[in-house]
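**Student:** In the working numbering, the protein residues as written are 690 to 1140.
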Ligand code: NDP
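1) Between the Cα of residue 979 and the Cα atoms of 970, 919 and 965, which residue gives the shortest distance?
2) Which residue marks the beginning of the alpha helix (DSSP H) containing residue 738, and which one marks its end?
3) Fully enclosed by the segment 1057-1121, which beta strand (DSSP E) runs are 3 residues long or longer?
4) Between 916, 913, 944 and 904, which has its C-alpha nearest residue 1189's C-alpha?
5) The beta strand (DSSP E) that contains residue 941, what's its start and end?
6) Express the C-alpha separation of residue 988 and residue 640 in angstroms, rounding to a whole number.
7) Could you check the C-alpha separation between residue 877 and residue 1106 for me, to the nearest Å?
8) Looking at residue 801 and residue 952, is the spacing between their C-beta atoms short of 9 Å?
9) May I ask you to report which of helix, strand or coil DSSP gives residue 707?
10) Would you mind working out which of 699, 710 and 702 sits nearest residue 1013, comparing C-alpha positions?
11) Closer than 8 Å: is that where the CB of residue 863 sits relative to any heavy atom of the ligand NDP?
12) Under a three-way DSSP split, which group does residue 840 fall into?
13) Can you look up residue 900 in the DSSP assignment and give me helix, strand or coil?
14) Quick one: any contact between the segment 1114-1133 and the segment 1037-1046, if contact means 3 or more CB pairs under 8 Å?
15) With residue 912 as the anchor, note down where its beta strand (DSSP E) starts and where it stops.
16) Cβ of residue 899 within 8 Å of any heavy atom in the ligand NDP?
17) Let's see if you can read the secondary structure: which residues bound the alpha helix (DSSP H) around residue 769?
18) What is the rounded straight-line gap between the Cα of residue 799 and the Cα of residue 700?
19) Measuring from the CB of residue 848, is there a heavy atom of the ligand NDP at a distance below 8 Å?
20) Using 8 Å as the cut-off, classify the Cβ of residue 948 as near or not near the heavy atoms of the ligand GDP, replying yes or no.
21) Short of 8 Å in beta carbon distance, which residues of its chain neighbour residue 747, apart from the five on each side in sequence? Order them along the chain.
22) Please list, in chain order, all residues of the same chain as residue 1083 whose beta carbon is under 6 Å from its beta carbon, the five residues on each side excluded.
23) With distances taken Cα to Cα, identify the nearest neighbour of residue 1141 among 919, 890, 920 and 925.
24) Taking only the alpha-carbon atoms, compute the straight-line gap between residue 1088 and residue 718 and give it to the nearest angstrom.
25) Please go through the same chain and pick out, in chain order, the residues whose beta-carbon is closer than 6 Å to the beta-carbon of residue 874, but skip the five residues on each side of it.
26) Any heavy atom of the ligand NDP closer than 8 Å to the Cβ of residue 780?
27) Our contact map puts residue 1005 next to residue 795 with C-beta atoms below 8 Å; I'd like the distance itself, whole angstroms only.
28) Comparing C-alpha positions only, which one of 750, 1049 and 743 sits nearest to residue 766?
29) Pull up the CB-CB distance for residue 940 and residue 925, whole angstroms please, since I reckon it's below 8 Å.
30) Measuring straight from C-alpha to C-alpha, what distance separates residue 744 and residue 929?
31) I'd like to know if the segment 1066-1076 and the segment 1091-1102 are in contact, where contact means that at least 3 CB-CB pairs between them fall below 8 Å.
32) For residue 731, which residues from the same chain have a beta carbon less than 7 Å from its beta carbon, with the 5 sequence-adjacent residues on both sides left out?
33) Leaving out five residues on either side along the sequence, give the residues of the same chain with a beta carbon under 6 Å from the beta carbon of residue 758.
34) Check this for me: beta carbons of residue 806 and residue 985, under 9 Å apart or not?
35) Going by alpha carbons, who is nearest to residue 959 out of 946, 975 and 982?
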């Protein structure tokens, strides 16, 4: 049977666009459908605009820090509308660049919602088209729990388009998005309160990182309340009243729910054509990103493997090379680095101390905390944490963790060493760059005593 396309992709985010470009370069006839804006979560309402807001929010502190370095003068004022307009301009530029990437590759872009009719037929833009292979790359969407008054809450999507900067923000959740936005709002001058249901924020991260970050956030003036649940949200004079399960209430102007994201896989015909989903709706795939239907593949957040843009991009690339490039390879999901763009930021690669102890038994822990040199003159009390986790038997560095200025930039490079299974001795042989914070990673000589 002749198909209209060799490959039809649903979702033009990071994973879908990469898969489209590489498949087309391999000679496939490709179409890609997008119901929102080309670029997906990362570019349109995630990583990129978030990072721009993080930069913006740091200036308040930077102006204060400058005084210790001899700078003086009236404090500049902040204009939220200007920031949002400039951010939107940059997002428009990236959206156009992504479209141009698809056009240059020769992939047909259909700006419409797509649904599966059968295993080779897609309904899109008012007509039906056929394809030999279908790739689902529809990403994920914020999950809003059923709390009375949840309709008054916003998700991270809306944070990028608020008409004005709220003066008081309550953030629910203790993960990546909650803490990043708490930092953004706090840095821009809002009063930020984080409500987290667990014992300590950033569940799954190294315990030292979690404690250290929580302390640093408190120093910045963020009110982090753990073991705290929201009972209801009501409209109140001049804003919202958030009632907690202990009966107390907090008044705010906005309440942000950052309580996780769900794969976007419902109501698009997947179950009807036999694609198996797990209990949260993620598409079940094998190591080749193949679903339970042999010609239907899925990559990125809709598969809920490692929900990070660079991983999704790699999954899209591996799919394209494997299915259309006669060059099969699988994504290695082990030891991926990641960062939380809080203030100060967190970055991490490999095993936490807890995971390493479970995996290897005996481990050596190297840990330093210090005041960054910049803050000797600024007077700020912010501190940095660096930690290496070493398998005692092989001396391989199996984890590196940092909370502090430039942590994501530093850990990205150190991730190469962890990925290559460098030993502690090899790390120690590396000459330091002085004076930097990063040099601490190659000069930590004495393991901390067992605790
Ligand atoms: P996370 O899974 O990181 O965090 C969700 C948080 O909400 C957790 O603290 C969780 O608590 C809490 N929570 C979940 N359900 C409820 C509920 N019903 N009531 C109260 N609290 C609840 O999700 P995010 O939304 O922060 O981010 C989604 C994903 O996006 C991340 O996992 C990450 O993969 C990706 N991301 C990555 C970024 C980066 O790389 N910098 C930035 C932003 C997102 P508990 O711990 O108890 O489960």
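No residue lacks a Cβ here, since even glycine has one placed at the ideal position from N, Cα and C.
**Tutor:** Here's the rundown:
1) Residue mapping note: residue 979 aligns to position 290 of the chain shown, counting from 1. If we check each option's Cα against that of residue 979, 965 comes out closest.
2) Counting from 1 along the chain shown, the entry for residue 738 is found at position 49. First-last of the alpha helix (DSSP H) with residue 738: 736-755.
3) When DSSP assignments are scanned along the segment 1057-1121, the uninterrupted stretches of beta strand (DSSP E) that are 3 or more residues long and fall wholly within it turn out to be 1073-1080 and 1086-1092.
4) As shown, the chain starts at 690 and ends at 1140. That puts residue 1189 outside it, with no answer to give.
5) Along the chain shown, read from residue 1 onward, the residue named residue 941 stands at position 252. From DSSP, the beta strand (DSSP E) with residue 941 extends over 938-941.
6) Nothing can be reported for residue 640, as the shown portion of the chain is limited to 690 through 1140.
7) If you number the chain shown from 1, residue 877 lands on position 188. If you number the chain shown from 1, residue 1106 lands on position 417. Straight-line Cα distance between these residues: approximately 36 Å.
8) Residue numbering aside, residue 952 sits at position 263 when the chain shown is read from its first letter. Residue numbering aside, residue 801 sits at position 112 when the chain shown is read from its first letter. No, these two residues do not count as a Cβ contact at 9 Å.
9) Counting from one through the chain shown, the residue named residue 707 turns up at place 18. Reduced to three states, the DSSP call for residue 707 is helix.
10) Looking up residue 1013 in the chain shown gives position 324. Between residue 1013 and the set 699, 710 and 702, the nearest pair of CA atoms involves 710.
11) Sequence index remark: in the chain shown, residue 863 carries index 174 (1-based). Indeed, a heavy atom of the ligand NDP lies less than 8 Å from the Cβ.
12) Residue mapping note: residue 840 aligns to position 151 of the chain shown, counting from 1. Here residue 840 sits in helix by DSSP.
13) Position 211 of the chain shown, counted from the start, is the residue given in the question as residue 900. The three-state reading of DSSP puts residue 900 in helix, counting H, G and I together.
14) Taking a cut-off of 8 Å for Cβ pairs, the segment 1114-1133 and the segment 1037-1046 do not touch, as fewer than three such pairs fall below it.
15) Start at 1 with the first residue of the chain shown, and residue 912 comes out as number 223. Element bounds for residue 912: 912-914.
16) One-based indexing of the chain shown puts residue 899 at position 210. No - the ligand NDP has no heavy atom lying nearer than 8 Å to the Cβ of residue 899.
17) The residue you call residue 769 lines up with position 80 of the chain shown. Taken as a continuous stretch (DSSP letters only), the alpha helix (DSSP H) holding residue 769 covers 769-794.
18) Within the chain shown, the letter at position 110 stands for residue 799. Within the chain shown, the letter at position 11 stands for residue 700. For the pair residue 799 and residue 700, the Cα-to-Cα distance works out to about 10 Å.
19) Within the chain shown, residue 848 is the residue found at index 159, counting from 1. False, no ligand heavy atom lies under 8 Å from that Cβ.
20) Ligands in the displayed structure: the ligand NDP; the ligand GDP is not one of them.
21) Sequence index remark: in the chain shown, residue 747 carries index 58 (1-based). Correct list, in chain order: 876 and 1032.
22) Translated into positions along the chain shown, residue 1083 becomes position 394. No residues qualify anywhere along the chain.
23) Within the shown structure, residues of the chain are numbered from 690 to 1140, placing residue 1141 beyond reach of any answer.
24) The count along the chain shown starts at 1 and reaches residue 1088 at position 399. The count along the chain shown starts at 1 and reaches residue 718 at position 29. Spanning the two alpha carbons is a distance of roughly 43 Å.
25) As a working note, residue 874 is residue 185 in the chain shown. Apart from the 5 residues on each side of it in sequence, residue 874 sits with its Cβ closer than 6 Å to the Cβ of 858 and 881 in its chain, given in chain order.
26) What you label residue 780 is simply residue 91 of the chain shown in a count that begins at 1. Checking the Cβ of residue 780 against the ligand NDP gives no.
27) Along the chain shown, read from residue 1 onward, the residue named residue 1005 stands at position 316. Along the chain shown, read from residue 1 onward, the residue named residue 795 stands at position 106. Going by Cβ atoms, the distance from residue 1005 to residue 795 rounds to 17 Å, so no, they are not a contact pair.
28) In the chain shown, counting from the first residue as 1, residue 766 sits at position 77. Distances from the CA of residue 766 to each of 750, 1049 and 743 were compared; the closest alpha carbon is that of 750.
29) Here residue 940 refers to the residue found at position 251 of the chain shown. Here residue 925 refers to the residue found at position 236 of the chain shown. By a beta-carbon distance limit of 8 Å, residue 940 contacts residue 925. Their separation comes to about 6 Å.
30) Here residue 744 is taken as the residue at index 55 of the chain shown, counted from 1. Here residue 929 is taken as the residue at index 240 of the chain shown, counted from 1. When rounded, the distance between both Cα atoms is 28 Å.
31) Enough Cβ pairs lie closer than 8 Å, so yes.
32) In the chain shown, the residue the question calls residue 731 occupies position 42. Counting only Cβ-Cβ distances below 7 Å, and skipping sequence neighbours, we find 702, 703, 737 and 998.
33) Mapped onto the chain shown, residue 758 falls at position 69. Excluding positions up to five away in sequence, the list reads 1066.
34) Stepping through the chain shown from its first residue, residue 806 is reached at position 117. Stepping through the chain shown from its first residue, residue 985 is reached at position 296. Going by C-beta atoms, residue 806 is not nearer than 9 Å to residue 985.
35) Residue 959 sits at position 270 when you count from the first residue of the chain shown. Distances from the CA of residue 959 to each of 946, 975 and 982 were compared; the closest alpha carbon is that of 982.
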